[in-house]
Amino acid sequence: MRESSGNCGKCGICLSVCPVYKVLKEEQASPRARVQLIRAYGEKRLASTPLLKELIAKCLMCGSCAANCPSGVDHYSSFMEMRSRLIDDHGDRLEIRGLVYLLARERRLRMAMGMARMGQGVLPDRVAARFKLGNIAVDRFPRLNSRQFRKTVPEEIAPAKEAGQERGTVLYFTGCASNYIYGETGEAVVGLLTRLGYRVIIPREQSCCSVPMLYHGGVDEALTNIEQNIKSFHRPDIKAIIVDCPTCGSALKHEFAAMMERFDRGELMRQKALDIAEKTLDIMSFVYSHLSEMRFSRDSSTPIPEGPVSYHLPCHLKNSFVSAERVLNNIAEVDYVAAEDTSECCGGGGTFFYEYPEVAGKIAGSKIDNIRRTGAKTWLTDCPVCRINLSARLDSADDITMMHPAKYLQQKLVDVIREEDGDCDSCNGL
Amino acid sequence: MLEHAVKSELIALLGDRFSDEPEILTCYAYDSFLEESMPDAVIFPKTTDEVAKIMALANRAKVPVTARGAGTSVCGAPIAAEHGIVLCFSKMDKIMEVNTADRYVVVQPGVINGDLQKVLAPSGFFFPPDPGSMNFSTIGGNVALNAGGPRCLKYGVTKDYVLGMQVVLASGKVVRFGSKNIKDVTGYNFTSLFCGSEGTLGMVTEVTLKVIARPETTQTLLVTFADLDSTARAVSDIIGSGILPVSMELLDKMTINAIEDAVQMGLPREAGGTLLIEVDGSREACDRERSQIVHKVKEHNVMAVEEAEDEADRNRLWAARRAAYGVFAKIAPDILSEDVTVPVSKVPEMIRRIYQITEKYNLKAGVLAHAGDGNMHPLICADRKNKEEWKLVKKAFREIFVAGAELEGTLSGEHGIGLAKAEFLPLVMDQESRDFMACIKKAVDPNNILNPGKFV
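First to last, the sequence lines map onto chains A and B. Per the numbering used here, the very first residue in the first sequence carries number 1055; after that it's consecutive. Per the numbering used here, the very first residue in the second sequence carries number 61; after that it's consecutive.
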């Protein structure tokens, strides 16, 4: 759980790490201001108004302020609670409410994605190019999976034959993105885990990690979802819970236990949530702990674009896990080139890119200028929203392919050499 | 509240870069100091011409105007004490010219100090003033507060790097002082007058800064002493022997332990004090100075000397110093950090006095210092809601400033006066001197619209 021991000393350090402040250069867009606004509201110096809601909501919820606050202020939780309160008072945009409604039940999401897939199939390209979500043309969004990923694989997947002796079992939280949009990421994650000798269980009953609901006032829906996920994922016999999406990962690591405590769901549920938090690991950290066993190819026959590869570090990975850059930097066969702003936010932020397209566009525009300077033809990122936000803003002339680093590594992975069977290093003390 | 006509004129000039919504104004009622005051409006000009029009209007309507950069001042300087308009320079953030051949840059006031450093780095140059807030504070704010920082021991404070500036006066007239020349003794030295004037004399809309070449190398030492007195004596001994390090940062026992409680950096909890010392220059000069320093500190009850081996190690040592203010904010809701400054030979005595005073009032306090230039940061942790305790905090600070004045020190080494220290000014400036300041203020701002309610 996040530490919340600090008092805001108004020092302003958070201004230097807030992507929205960096673009707008207005105090009201800063984390420090939001803390002061919440304080003023709490002291009844400010009323609940639509403008207050807007100021609190104009935040990517990237968590960089909390991660860098020297006095340990938990911006993240207080912003989330305040967002909920203000949405209760003033409502939310219809389409955002619709999203919360869909994410709250897996079957609703499944149905909606089915309809969206059909829509993508019949919508003529020139029509799709005319309509925009935020300031991104509809045809720039990724094609949805033809079948949801979890339906394409069994619930339990044995280790690959060439992996030798089985090393243990891991659970895989696919998140909505891999399940409905980026199925190839799911395939790559399973591929890497099974080739490393792990049995992979993808619980059928998993549902949305709840972060989008928590950001948009769907606290009751989030609570139901989180309890469902805790029941599906609490398995004492497993070595790790693998996530491919940093935001889902941050939810498993922080929000599940926090919600069990906040809503007093009992010690047992709290303990289960803490156990999940402890075992949650992003796929690239898992790969990093096995890197010495993995052999990669420089010249791959798989369809990876030639030339250097670059990487965008998602905020939730940076603030809850460790940058996947360390993996890329440690593989001799990877021609890795860091962009000037690899670790800067892309402006995606869940639905932020849709709600505040101008701000998101400015933040992403700077990232795209910098990736062009690197000359990379492959741009990796773990977060599906970052990928949507950035890839949609690339020009077709850019000739840059975006993918999850797991997909990239899976395509380059030639062999796994295990000199002796042992436990996964990273799982010790997870 | 602004008169309707003034508001209309400002909106006509600035459009949506004007706001008087209470939610927005709440965000401009504070800086990093404790006191707050709501302005009537906040505006974001983008050009000198706009600032000139705004000032002419404000002067005519006699509306107070308080300049603000990123609001990171720790003395309340950009707080609109008498309400009126907060004029926020954060959108005037262009680096207009970088000329390393002639060793200057021209910037707008909203440029962030750290951003300027990033732009200069590839050319091997830098801008030496490095306030703790350098990654988010603006050059305009640095000029207005005459900001310093750890490396100012060797390199001097902001005023030592301001070659010229463009200023909008209270009347709305635009004037230029100084030039782009490293040597310029033409006329009154108005650039120095405006450095530290805290927005009481005019609006600085463009600054020409001197930049210098980066030294070949930097070496960092962390020295641990058994007691604080030895730590302080080591400081004056090193400086007195003619060695001039870039920085000499002092942390006392309470600070060390507060850092360790919060972030576990491996600092020695039993130490009475530590000094983070940095030297720079050619490799030979650094090696020589470093060994001289090690030799000197060993005469002062030293417990350990740790030398940074590489950049990562150097960052690790500095991380402790940088964490210091934040960890105090963990201890109590309100932290008061002042910057009383004394001649370096009197640092040991000043530290003793600070301890005596805070112990007398039973206050939780630590001492941080840019000790090499005598710039002390006594930090007191308290809760303003505890009115009795807060009265003692105020008494303690008065006595600390009195002690500083008795030791021929001054109220501020780098934070400025603002709302925090205006009442203490008579301790270090006599009536005639203060009258002279008031006389200058009156001459350039007869309607007292520029940041009124502050030290002049």
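From the three backbone atoms N, C-alpha and C, an ideal C-beta is built for every residue, glycine too.
What do you reckon, are the CB atoms on residue i and residue j nearer than 8 Å?
{"i": "residue 1359 (chain A)", "j": "residue 1431 (chain A)", "result": "yes"}
{"i": "residue 264 (chain B)", "j": "residue 169 (chain B)", "result": "yes"}
{"i": "residue 304 (chain B)", "j": "residue 445 (chain B)", "result": "no"}
{"i": "residue 342 (chain B)", "j": "residue 276 (chain B)", "result": "yes"}
{"i": "residue 1417 (chain A)", "j": "residue 1454 (chain A)", "result": "no"}
{"i": "residue 1295 (chain A)", "j": "residue 1330 (chain A)", "result": "yes"}
{"i": "residue 1123 (chain A)", "j": "residue 1300 (chain A)", "result": "no"}
{"i": "residue 390 (chain B)", "j": "residue 1117 (chain A)", "result": "no"}
{"i": "residue 1137 (chain A)", "j": "residue 1269 (chain A)", "result": "yes"}
{"i": "residue 1120 (chain A)", "j": "residue 87 (chain B)", "result": "no"}
{"i": "residue 1007 (chain A)", "j": "residue 1381 (chain A)", "result": "This structure leaves residue 1007 (chain A) out entirely; chain A is present only between 1055 and 1484."}
{"i": "residue 1016 (chain A)", "j": "residue 1209 (chain A)", "result": "Outside the shown range of chain A (1055 to 1484) lies residue 1016 (chain A), about which nothing can therefore be said."}
{"i": "residue 1447 (chain A)", "j": "residue 1190 (chain A)", "result": "yes"}
{"i": "residue 525 (chain B)", "j": "residue 133 (chain B)", "result": "Nothing can be reported for residue 525 (chain B), as the shown portion of chain B is limited to 61 through 516."}
{"i": "residue 112 (chain B)", "j": "residue 234 (chain B)", "result": "yes"}
{"i": "residue 192 (chain B)", "j": "residue 209 (chain B)", "result": "yes"}
{"i": "residue 336 (chain B)", "j": "residue 294 (chain B)", "result": "no"}
{"i": "residue 1439 (chain A)", "j": "residue 1275 (chain A)", "result": "no"}
{"i": "residue 1140 (chain A)", "j": "residue 1102 (chain A)", "result": "yes"}
{"i": "residue 476 (chain B)", "j": "residue 212 (chain B)", "result": "no"}
The alpha helix (DSSP H) that contains residue i, what's its start and end?
{"i": "residue 1282 (chain A)", "result": "1273–1287"}
{"i": "residue 1370 (chain A)", "result": "1369–1374"}
{"i": "residue 84 (chain B)", "result": "82–86"}
{"i": "residue 1246 (chain A)", "result": "1237–1249"}
{"i": "residue 313 (chain B)", "result": "313–323"}
{"i": "residue 1154 (chain A)", "result": "1148–1157"}
{"i": "residue 363 (chain B)", "result": "Per DSSP, residue 363 (chain B) belongs to no alpha helix (DSSP H); it is in the beta strand (DSSP E), 362–367."}
{"i": "residue 1407 (chain A)", "result": "1406–1409"}
{"i": "residue 62 (chain B)", "result": "Looking at the DSSP string, residue 62 (chain B) is not in any alpha helix (DSSP H), and its letter there is neither H nor E."}
{"i": "residue 1111 (chain A)", "result": "1104–1111"}
{"i": "residue 475 (chain B)", "result": "Taken as a continuous stretch (DSSP letters only), residue 475 (chain B) belongs to no alpha helix (DSSP H), as it is neither H nor E."}
Provide the residue span of the beta strand (DSSP E) that contains residue i, from first to last.
{"i": "residue 1207 (chain A)", "result": "It is not in any beta strand (DSSP E) - residue 1207 (chain A) carries neither H nor E in the DSSP assignment."}
{"i": "residue 1135 (chain A)", "result": "Careful: residue 1135 (chain A) lies outside any beta strand (DSSP E), inside the alpha helix (DSSP H) at 1129–1144."}
{"i": "residue 270 (chain B)", "result": "263–270"}
{"i": "residue 489 (chain B)", "result": "Unbroken run through residue 489 (chain B): none, as it is neither H nor E."}
{"i": "residue 145 (chain B)", "result": "145–148"}
{"i": "residue 1350 (chain A)", "result": "1348–1350"}
{"i": "residue 1077 (chain A)", "result": "Taken as a continuous stretch (DSSP letters only), residue 1077 (chain A) belongs to no beta strand (DSSP E), being part of the alpha helix (DSSP H) at 1073–1078."}
{"i": "residue 1364 (chain A)", "result": "1363–1366"}
{"i": "residue 1335 (chain A)", "result": "1334–1336"}
{"i": "residue 1468 (chain A)", "result": "1467–1470"}
Are the C-beta atoms of residue i and some chain D residue less than 8 Å apart?
{"i": "residue 1109 (chain A)", "result": "In the structure shown, chain D does not exist; the protein chains are A and B."}
### Task
Compile a chain-ordered list of the residues in the region 1090–1104 of chain A whose CB is closer than 8 Å to at least one CB of chain B.
1090, 1091, 1094, 1099, 1100 and 1103
### Task
Give the residues from the region 1060–1080 of chain A that approach chain B closer than 8 Å (Cβ to any Cβ), ordered along the chain.
1060, 1061, 1062, 1063, 1064, 1065, 1066, 1067, 1069, 1070, 1079 and 1080
### Query
In the region 392–456 of chain B, which residue ranges form an unbroken alpha helix (DSSP H) of at least 4 residues, counting only runs that do not cross its ends?
DSSP runs (the alpha helix (DSSP H)) wholly in the region 392–456 of chain B: 407–420.
### Task
Give, in chain order, every residue of the region 129–142 of chain B whose Cβ lies closer than 9 Å to some Cβ of chain A.
When C-beta distances to chain A are compared with 9 Å, the residues of the region 129–142 of chain B below that value are 130, 131, 132 and 134, in chain order.
### Query
Which of the residues in the region 1124–1146 of chain A, read from start to end, lie with their CB under 8 Å from any CB of chain B?
1124, 1125 and 1126
### Task
Could you please tell me which residues of the region 72–88 of chain B, in chain order, have their CB closer than 7 Å to any CB of chain A?
81, 82, 83, 84, 86, 87 and 88
### Task
Would you check if the region 1143–1161 of chain A and the region 1268–1281 of chain A touch, i.e. whether three or more CB-CB distances between them fall below 8 Å?
Here the region 1268–1281 of chain A makes contact with the region 1143–1161 of chain A; the two share three or more CB pairs at distances below 8 Å.
### Query
Touch check for the region 220–236 of chain B and the region 134–151 of chain B: three-plus C-beta pairs under 8 Å?
no
### Message
Quick test of the definition: if touching needs 3 or more C-beta pairs under 8 Å, does the region 1236–1253 of chain A touch the region 1206–1213 of chain A?
### Response
yes
### Query
Is the region 1100–1109 of chain A touching the region 80–95 of chain B in the sense that three or more CB pairs, one from each, lie closer than 8 Å?
yes
### Message
Just to confirm the assignment: which complete beta strand (DSSP E) runs, minimum length 3, are found wholly within the region 211–273 of chain B?
### Response
222–228, 234–238 and 263–270
### Message
Taking 8 Å as the cut-off, does the region 175–191 of chain B touch the region 1069–1084 of chain A (at least 3 CB pairs, one atom from each stretch)?
### Response
no
### Message
Can you confirm whether the region 361–379 of chain B touches the region 412–430 of chain B when touching is taken to mean that 3 or more C-beta pairs between the two stretches lie within less than 8 Å?
### Response
no
### Contact the region 398–414 of chain B vs the region 465–482 of chain B: 3+ CB pairs below 8 Å
yes
#### Entry: Unbroken stretches of the beta strand (DSSP E), 3 residues or longer, contained in the region 1284–1324 of chain A
For the region 1284–1324 of chain A, whole beta strand (DSSP E) runs of length 3 or above, ordered along the chain, are 1294–1297.
### At least three beta-carbon pairs within less than 8 Å, the region 301–321 of chain B to the region 245–262 of chain B
No, they do not touch.
### Task
Would you be able to state if there are at least three C-beta pairs under 8 Å between the region 178–196 of chain B and the region 268–275 of chain B?
Look at the beta carbons and you see the region 268–275 of chain B touching the region 178–196 of chain B: at least three pairs across the two are nearer than 8 Å.
### Task
Identify every run of the alpha helix (DSSP H) within the region 141–181 of chain B, keeping only runs that are complete inside it and at least 4 residues long; order them along the chain.
173–180
#### Entry: Residues, ordered as in the chain, of the region 145–171 of chain B that lie near chain A by beta-carbon distance below 9 Å
148, 150, 151, 153 and 170
### Those runs of the alpha helix (DSSP H) which lie wholly inside the region 1380–1458 of chain A and span at least 4 residues
1406–1409, 1411–1428 and 1438–1447
### Validate contact between the region 495–505 of chain B and the region 447–465 of chain B using beta carbons, cut 8 Å, 3 pairs
no
### Query
Which of the residues in the region 174–203 of chain B, read from start to end, lie with their CB under 8 Å from any CB of chain A?
174, 193, 195, 196 and 197
### Query
Does the region 1405–1423 of chain A come close enough to the region 1368–1382 of chain A to have 3 or more Cβ pairs within less than 8 Å?
no
### Query
Just by C-beta distance, which residues in the region 260–293 of chain B are closer than 7 Å to chain A?
Listed in sequence order: no entries.
### Query
What residues in the region 355–388 of chain B have a beta carbon less than 7 Å from any beta carbon of chain A?
383, 385, 386 and 387
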